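Engineer: Numbering (the working numbering), first residue to last: 10 to 198.
Glycine is no exception: its CB is placed at the ideal position from the N, C-alpha and C atoms.
None of these values were measured; they are calculated from a predicted model.
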């Protein structure tokens with residue numbers, strides 16, 4: 010048991026320095042709404058206008074009574090609240106609007122290949138490649154741990170970034186344990 014605890018402490022000591030300074034900055038950045046996010050929009054004392062499970066469409070907009078189409082993607086919940094409030098002021102005196110992100114589906118990453126549970130996972134806070142693999146249950150018995158690849162970007166602009174698990178764990182190349190960004194794909198051959 011002591012060996013396991015000691016190994017875990019050594020592992021954490023090697024992985025912690027690999028967290029880039031940007032990870033802290035990313036955690037301080039306000040959340041930006043994106044397509045496929047599910048929001049709750051409450052208009053106080055206006056039950057007919059309150060909406061639960063509002064899906065942000067692929068074009069980044071959402072529809073609301075009296076406010077018509079409102080651009081949501083790229084805005085913080087506070088900015089969206091202000092935009093909806095401004096639209097509703099034409100019909101309601103001093104509307105009180107609240108925007109809640111119930112399901113931040115636009116901020117996710119995928120893990121594919123030889124992991125216990127491949128799939129798409131929410132990116133709710135700063136996370137690294139190893140944390141992403143851990144979210145997928147870790148490597149399975151057939152995983153080639155030193156040929157892991159992170160794909161970043163879309164379409165023809167994807168960047169392929171190799172990750173050698175043994176080097177990250179040994180502290181030889183902790184920068185390979187990079188911070189995940191929305192849309193990243195971790196491939197474990």
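#1: Taking just the CA atoms, how far does residue 186 sit from residue 159?
#2: List the whole-angstrom C-beta distance separating residue 85 from residue 113, where the pair is believed to meet the contact cut-off of C-beta under 8 Å.
#3: Cα-Cα, which of 122, 99, 98 and 117 is closest to residue 204?
#4: Tell whether a beta-carbon distance below 8 Å holds between residue 138 and residue 130.
#5: What is the residue span of the alpha helix (DSSP H) that residue 94 lies within?
#6: Starting from the Cα of residue 1, find the closest Cα among 170, 49 and 174 and give me that residue.
#7: How about residue 198 and residue 156: do their beta carbons lie closer than 8 Å?
#8: Would you say residue 136 reaches chain D, if we count a Cβ-Cβ gap shorter than 8 Å as a contact?
Structural biologist: Taking the structure as given:
#1: About 10 Å.
#2: Contact flag wrong, Cβ pair sits at about 12 Å.
#3: Outside the shown range of the chain, which is 10 to 198, sits residue 204, and nothing can be said about it.
#4: No, Cβ-Cβ distance for residue 138 and residue 130 is not below 8 Å.
#5: Residue 94 -> alpha helix (DSSP H) spans 86-97.
#6: Any answer about residue 1 is impossible in this case: the structure gives the chain only from 10 up to 198.
#7: Closer than 8 Å, so yes.
#8: The structure shown contains no chain D; it is built from a single protein chain.
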